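What follows is one structure encoded as structure tokens, with my remarks underneath.
Numbering (my numbering), first residue to last: 4 to 256.
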């Protein structure tokens, strides 16, 4: 994702890449590492040092759940706006980030999915839940993804819950012959996570009703699919104050 972000920013005539952070490739020009001509921007490891020595408007973070919280605090303490695509942030960590962002008057956009189609999928699912409350979510990702369920699946479930009363689905005497086979439970609905090589990011939301089913599905076939949402977020976060969770909040009706 970081490589795709570098390429996407390079294509925008009014944006300039001024820094690149990675634990590998220290000292190498980021351009050839992502298939571009040399950019003059060298990869460094120390985020805090880079922010103190470089004029930065926005940091884009696609790291991992074990490092993102520390990175976010470092960015905000250096008075820089932030776009985050890493999932797995704990609720108490998010609350702390909200406090810091509001105190600093900075914008933070956290999105579990930057694909415009995925955002529309979540919106459509929330609308459908008003009429078809029996629903299960199946999310499919590559086998190197660390957290399960995905942030997109959780966000989808939260949006559905706003339009759906809590109740337990399935037969009252249902039981599992293999523990966990029915997936995780969220407010009475089930979420299933699949991890396989060859996948990128995919999700189905399946609704059931009398004599009918409705399936809403989104597929990201490559990581370029996330870049329009990333670029939109970079532009919007400059005018934000505080934390916004979910790209759908930037897309008007």
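C-beta: ideal position from N, C-alpha, C; glycine also. A quick note: this is a predicted structure, and the numbers were derived from the prediction, not measured.
| Check | Outcome |
| --- | --- |
| Please name the residue in 240, 236 and 244 whose C-alpha comes closest to that of residue 116. | 236 |
| For residue 184, does the count of other Cβ atoms within 10 angstroms reach 16, so buried, or fall short, so exposed? | exposed |
| In whole angstroms, what separates the C-alpha of residue 42 from that of residue 32? | 7 angstroms |
| Per DSSP, what kind of secondary structure is residue 211 in: helix, strand or coil? | strand |
| Alpha carbon to alpha carbon, how far is residue 66 from residue 89? | 6 angstroms |
| With residue 116 as the anchor, note down where its beta strand (DSSP E) starts and where it stops. | No beta strand (DSSP E) contains residue 116, which DSSP labels as neither H nor E. |
| Does the beta-carbon of residue 192 have 16 or more other beta-carbons within 10 angstroms, so that it is buried, or is it exposed? | buried |
| Using the Cα positions of residue 51 and residue 81, report the straight-line distance between them to the nearest angstrom. | 8 angstroms |
| With C-beta atoms as the reference, is residue 74 less than 7 angstroms away from residue 129? | no |
| Would you check if there are 3 or more beta carbon pairs closer than 8 angstroms linking the segment 135-143 to the segment 106-114? | no |
| So does the segment 222-235 actually touch the segment 203-211, counting three or more Cβ pairs closer than 8 angstroms? | yes |
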